[in-house]
Ligand code: NDP
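In my numbering, the protein residues as written are 4 to 247.
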């Protein structure tokens, strides 16, 4: 699919991986709706950078874990942009702890944002895509969801759930011209990982490529899958080899 002139929703597009995806899509000529829960200044800055590349970009305050909020935002995006062809479910949080110390609310919160948020947005946007008979969805999973990770029972479960959701949506919607794929990043340098110490973390020390990844390396994979016509239900790892 030629991304020029297509309309994209990027959740969590204010910063980190989502911001880089928004900028790369703008480079390809796609218009951008940033759906972000907070960080208004960062979201506005990302939108301004996209606009400077000659595309339309609007910020929507949206909590992806709230299905009513998601429905309202998607309806507003449709009014503002006319259609939605591209969806990147990137919004995500961590509440790490060893399971013995993990609070129930921290389990529920991570599932609500990472997994149910992906469901909420995919359900609302795919209703438009089905009518259009055209759509590309990319969900951000994680190698934690593929391998497991001590201290991330909640997060790994949510990201494994995203893989199952991705493959099921891919099967349900393939006949409607809609693809659904996932990108599973390894350890990527963003605010989410800024407190991790690579020298003290045995899992990080086992990265074959010996370094953390950069946001542009993940965004490149996301944009590739958004443009691909005959790939669906795939999980593309961008992890320096950690989960091979
Ligand atoms: P960041 O924390 O830098 O950015 C996450 C973004 O999601 C923020 O803009 C945040 O907004 C937004 N967000 C959080 N909760 C919600 C919500 N309920 N509704 C809407 N937006 C929300 O994270 P990264 O860029 O590192 O991560 C992006 C994605 O990549 C996540 O899904 C993450 O799990 C995944 N990932 C990241 C890895 C890494 O190493 N960094 C590795 C593997 C996967 P606000 O700041 O306002 O809260």
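Even glycine gets a Cβ: it sits at the ideal position worked out from N, Cα and C.
With a threshold of 16 other beta carbon atoms within 10 Å, residue 188 meets it and is buried. Using a 10 angstroms sphere on the CB of residue 78, the tally of other CB atoms stays under 16, which defines it as exposed.
For residue 105, the distance from the CB to the nearest heavy atom of ligand 1 is not below 8 Å.
Look at residue 188 here: in three-state DSSP terms it is strand.
For residue 53, the three-state secondary structure derived from DSSP is helix.
For the pair residue 88 and residue 11, the CB atoms are nearer than the 9 Å cut-off.
Taken from the Cβ of residue 210, every heavy atom of ligand 1 lies 8 Å or farther away. Distances from the CB of residue 18 to the heavy atoms of ligand 1 include at least one below 8 Å. Contact check for residue 133 against residue 91 fails: the beta carbons are separated by 9 Å or more.
In this structure residue 212 is exposed. Its beta-carbon is surrounded by fewer than 16 other beta-carbon atoms within 10 angstroms. Excluding five sequence positions before and after residue 237, the CB atoms of its chain that fall closer than 6 Å to its own CB belong to 184, given in chain order. Less than 9 Å divides the Cβ of residue 67 from the Cβ of residue 94. Ranked by Cα distance from residue 112, the options 182, 97, 54 are led by 97. For residue 153, DSSP records no beta bridge to any residue. Judged by DSSP secondary structure, residue 21 falls within the alpha helix (DSSP H) whose first and last residues are 19 to 30. When secondary structure is reduced to three states using DSSP, residue 142 falls in the strand class. By the Cβ rule, the region 19 to 34 counts as touching the region 43 to 62, because three or more pairs are nearer than 8 Å.
Buried is the label assigned to residue 129, since at least 16 other Cβ atoms lie within 10 Å of its Cβ. Taking the CA atoms as reference points, residue 196 sits about 29 Å from residue 172. The residues 246, in chain order, have a CB closer than 6 Å to that of residue 150 in the same chain once the five nearest residues on each side in sequence are set aside. For the set 20, 16, 36, the Cα lying nearest the Cα of residue 222 is the one of 20. At the C-beta level, residue 232 and residue 154 stay beyond 9 Å of one another. In terms of Cβ geometry, residue 156 and residue 102 form a close pair [threshold 9 Å]. In the three-state reduction of the DSSP assignment, residue 60 falls in the strand class, which pools E and B. Distance from the CA atom of residue 38 to the CA atom of residue 140, rounded to whole angstroms, is 15 Å.
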